[in-house]
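S.K.: Before we start, here is the structure in question, set down as structure tokens.
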Amino acid sequence: MTMTGRSGHTGSITSFGRFGIDDVRPQVSGRTLPSKAVVGEVVPVSALVWREGHDAVAATLELTSPSGKQYSILMQQEVYRPDYVHAVFVPDVQGMWRFRVDAWSDPMSTWRNAVSKKLAAGQSTAELSNDIAHGIDLFTRAAAQSPDGDREVLEAVATTLADDTLPLATRIEEGLSAEVREILDEFPLREQVTRGPICDVHVERRAALVNSWYELFPRSTGGVDAEGKPVHGTWETTSAALDRVAAMGFDTVYFPPIHPIGEVNRKGRNNTLTPEESDVGSPWAVGSADGGHDAFHPELGGESEFLAMLDHARELGLEVALDFALQAAPDHPWASEHPEFFTVLADGTIAYAENPPKKYQDIYPINFDNDPEGVYAEIYRVIMYWVELGVTTFRVDNPHTKPVNFWHWLIAEVRETHPEVIFLAEAFTRPPRMFGLSKIGFSQSYTHFTWKTSKAELEDFAQMLIDVADVSRPNLFVNTPDILHESLQTGGQAAFAIRATLAATLSPLWGVYSGFELYEHEPVTAGSEEYLNSEKYELRPRDFAAALARGESLEPYLTLLNRLRRDNPALQQLRQLHFHKAYNDQIMAYSKVDAISGNAILVVVNLDPFATQEGMVHIDAEAIGLAPGESFEVDDLVSGERYTWSTDNFVRLTPQANVAHIFRLPDVEASKREQLAFRSISDHDYRP
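When we follow UniProt numbering, the leftmost residue of the sequence shown carries the number 1, and every step to the right adds one.
Now the structure itself:
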């Protein structure tokens, strides 16, 4: 059916739905790309649903699993945003899930609202006669679509409404009962259904969201010889080093490039251009006469030794992540066999990598435009070699310097046959690039956490993480081989504990580069973030056991943090984060709640590594499922002590003794969990 308006425009009268369905979330790039989730994650869905007049409008979340199984979930009115509805779902399998928000007229809610108000106003049976007749019709229709048992209950309501021998209030009260509401919530009477847009959610395995990473250089695991000189590690010594990593509770161990290292323009210690004969070079200068990206460094060992190490890692419950660095040393086989893979300058030489003022004379960047088909095919061949060996996680080096359409293609191609593969983007770049890489397929991303140190910076940063949670999963590394932040250089041991606490509790993903637990803090020069005697250019064997025996290791605290993360589902959530008021700029307080179990955690951390800080902390009780002014017990999971808290509480944290409280709070009641899942995101307007 069409109609012509005064302007002469002709259009369908159904070109816009009967009801308005706006601001559907999660939704990415106008539904051209899927949002993200993992198996077992609480996924919040919300929409702005509206209609004309005063009649009730309701909404249903229509969900389809990757296998085609369909679910229908009645959405609830949000407490914190008028006219918004929400629901949560928890995907139980990997793959592409689809959802749609349907809006519909809710005649039962309209009827209940009207008769309740008229009864309260003292209207008579005669004045309510039409409402009673309408109610009989509604309950008769609702009964017809309900299963046995529920049908009889609704039919009895209709019969009672029709019984004019009963008092007016008695005739109506059954239709307003909690039992009847529960039935109608499960089997609602829907009219004038309007279908919303279909949105996709790509669901990965849980390790894509909940994971603790530890980075180590396999070549540094060889210890020292009788003269105290470092010995190059092997896959056997690397395998032995994994026992300690697993004992600390880490889930993934990440290796920098394990390939042959270029001889041409090799860098020496501390990034010098004049290496000595014994210098091992940077592992990111991939390739030599011994092979390229599909080869092992000869001193580490070959494929069989690597597979034995991989088996041992699995026995320990560790996943091995490899670096995927798409660049080549000047003597990489590609340089001679495929010069079209690079940029050839006017003088006939191949351009080396630069990030002014930094120069990387030992690296050739790949040119993806000269021979895209050849480049794409070769890179796919290389990564599939490692995937088929059993590697299912890759930390990708500088992906923001490669074309985004290449990554979109490659990740999709790999996941076509191996959907379990996780990609971490090492992209310390501007937010549009970082989040763009996340949107096109990267499972996780490095962030600017390392440089966020003040309370204001940290709170703004964490709120941003909530805003982009539908597309980006932040992996909060406390340090990297490239980044030794000033706070660690000057803050002493307390600074290391503070940064570990923040990273491990703000995000379900965090990472540590080896040596952090030994408080390594010396820069190569003042004002630099490069380590002195950087492991990027030399072997760095460490005696972890000796440091632990001397009490000079953060290893026990890292182990505790990882245990708390595993034991408390609240710390495995990304979206459910709420900040509480601390009346001291050096004290930060925040809580996390798991909407499934009700587990709740409160973290209070001293951001000052030099001095004791104290002050009052005001708890937003509703954000943790409690009534304002209510007293409650908190268990400090760090010290083992128990306290009685209420709305306002005094805290005192001494960095030499304890940098933070990590409190286990009373579990949130089931009826409040879903609302809390939405409270932390209700005030944010970022559109990924």
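Yeah, the Cβ is synthetic: ideal placement off N, Cα and C, and Gly gets one too.
With a threshold of 7 angstroms on Cβ separation, who are the neighbours of T14 within its own chain once the five nearest residues in sequence on each side are excluded?
M.R.: The predicted position of T14 is uncertain, since its pLDDT is 48 and thus under 50; no value can be drawn from it.
S.K.: Would you mind stating whether I261 and L326 have Cβ atoms separated by less than 9 angstroms?
M.R.: No, the Cβ-Cβ distance between I261 and L326 is not below 9 angstroms.
S.K.: Span of the beta strand (DSSP E) holding V414?
M.R.: No beta strand (DSSP E) holds V414; the alpha helix (DSSP H) holding it covers 404-417.
S.K.: Using beta-carbon positions only, say whether V24 and E62 come within less than 9 angstroms of one another.
M.R.: no
S.K.: Looking only at its chain, what residues have a beta carbon closer than 6 angstroms to the beta carbon of N370, apart from the 5 residues adjacent to it on each side?
M.R.: E340
S.K.: Who does L476 pair with in a DSSP beta bridge?
M.R.: W510
S.K.: Does DSSP put F341 in a helix, a strand or coil?
M.R.: helix
S.K.: To the nearest angstrom, report how far apart R673 and G625 are at their CA atoms.
M.R.: 8 angstroms
S.K.: Pairs of beta-carbons, one from the stretch 236-255 and one from the stretch 205-223, closer than 8 angstroms: are there three or more?
M.R.: yes
S.K.: Considering Cα atoms alone, identify which of S109, S177, W409, M464 is closest to R190.
M.R.: S109
S.K.: Can you grab the Cα-Cα spacing for the pair V617 / F678, in whole Å?
M.R.: 23 angstroms
S.K.: Whole alpha helix (DSSP H) runs in the stretch 615-686 with 4 or more residues, listed along the chain?
M.R.: 670-679
S.K.: Straight-line CA distance for A56 to Q192?
M.R.: 12 angstroms
S.K.: Below 7 angstroms CB to CB, which residues in the same chain sit around D620 once its five sequence neighbours on both sides are set aside?
M.R.: Residues H578, H580 of the same chain have their beta carbon placed closer than 7 angstroms to that of D620, with the five preceding and five following residues left out of the count.
S.K.: Can the beta-carbon of A503 be found less than 9 angstroms from the beta-carbon of G511?
M.R.: yes
S.K.: Alpha carbons only, please: which of S212, A494, E520 is nearest the one belonging to A547?
M.R.: Each of S212, A494, E520 was checked against the Cα of A547, and the nearest Cα belongs to E520.
S.K.: DSSP three-state call for V264: helix, strand or coil?
M.R.: coil
S.K.: Distance check for M248 and E52, CA to CA, integer angstroms please.
M.R.: 59 angstroms
S.K.: Using only alpha-carbon positions, find the residue among F442, Q576, I662 that is nearest to V668.
M.R.: Closest by C-alpha distance to V668, out of F442, Q576, I662, is Q576.
S.K.: Below 8 angstroms on the Cβ atoms is my contact criterion, and I expect E530 with L484 to pass it. Report the Cβ-Cβ distance as a whole number of Å.
M.R.: Sure, about 7 angstroms apart at Cβ, within 8 angstroms.
S.K.: Assuming V382 contacts D294 (C-beta within less than 8 angstroms), just tell me the rounded distance between them.
M.R.: 5 angstroms
S.K.: Go ahead and pull the three-state DSSP assignment for K452.
M.R.: K452 sits in coil when the DSSP states are folded into three classes, being neither helix nor strand.
S.K.: Quick one: what does DSSP say N130 is sitting in, helix, strand or coil?
M.R.: helix
S.K.: Smallest Cα separation from A143: which of L119, V180, A582, V79?
M.R.: V180
S.K.: Check Y71 in the structure and name its three-state DSSP category.
M.R.: strand
S.K.: For my contact list, A285 and I363 are in at a C-beta cut-off of 8 angstroms; report their separation, rounded to the angstrom.
M.R.: The pair is a contact, with the Cβ atoms about 6 angstroms apart (cut-off 8 angstroms).
S.K.: For G268, collect the residues of the same chain with a Cβ closer than 7 angstroms to its Cβ; drop the 5 residues on either side in sequence, then sort them by chain order.
M.R.: T274, P275, E276, D279, Y537
S.K.: Determine the direct distance from the alpha carbon of E182 to that of L307, and round the result to whole angstroms.
M.R.: 56 angstroms
S.K.: Counting beta carbon pairs with one atom in the stretch 89-103 and one in the stretch 130-141, are three or more of them shorter than 8 angstroms?
M.R.: no
S.K.: Please report the residue range of the alpha helix (DSSP H) in which E173 lies.
M.R.: 168-173
S.K.: What residue range does the alpha helix (DSSP H) around A207 cover?
M.R.: No alpha helix (DSSP H) contains A207, which DSSP labels as neither H nor E.
S.K.: For a test of the three-state rule: what should DSSP assign to P400, helix, strand or coil?
M.R.: The amino acid at residue 400 is misidentified as Pro; the sequence shows His. Three-state DSSP puts H400 in a helix.
S.K.: With contact counted as at least three CB pairs below 8 angstroms, one residue from each stretch, are the stretch 339-357 and the stretch 249-257 in contact?
M.R.: No: the two stretches stay apart, fewer than three of their Cβ pairs being nearer than 8 angstroms.
S.K.: If you measure between the beta carbons of N475 and L509, is that distance less than 9 angstroms?
M.R.: yes
S.K.: Are the stretch 588-599 and the stretch 566-576 touching by the rule of at least three beta carbon pairs closer than 8 angstroms?
M.R.: A contact exists between the stretch 588-599 and the stretch 566-576.
S.K.: Would you mind giving the Cβ-Cβ distance between Q361 and N265, rounded to the nearest angstrom? I have them listed as a contact below 8 angstroms.
M.R.: 4 angstroms
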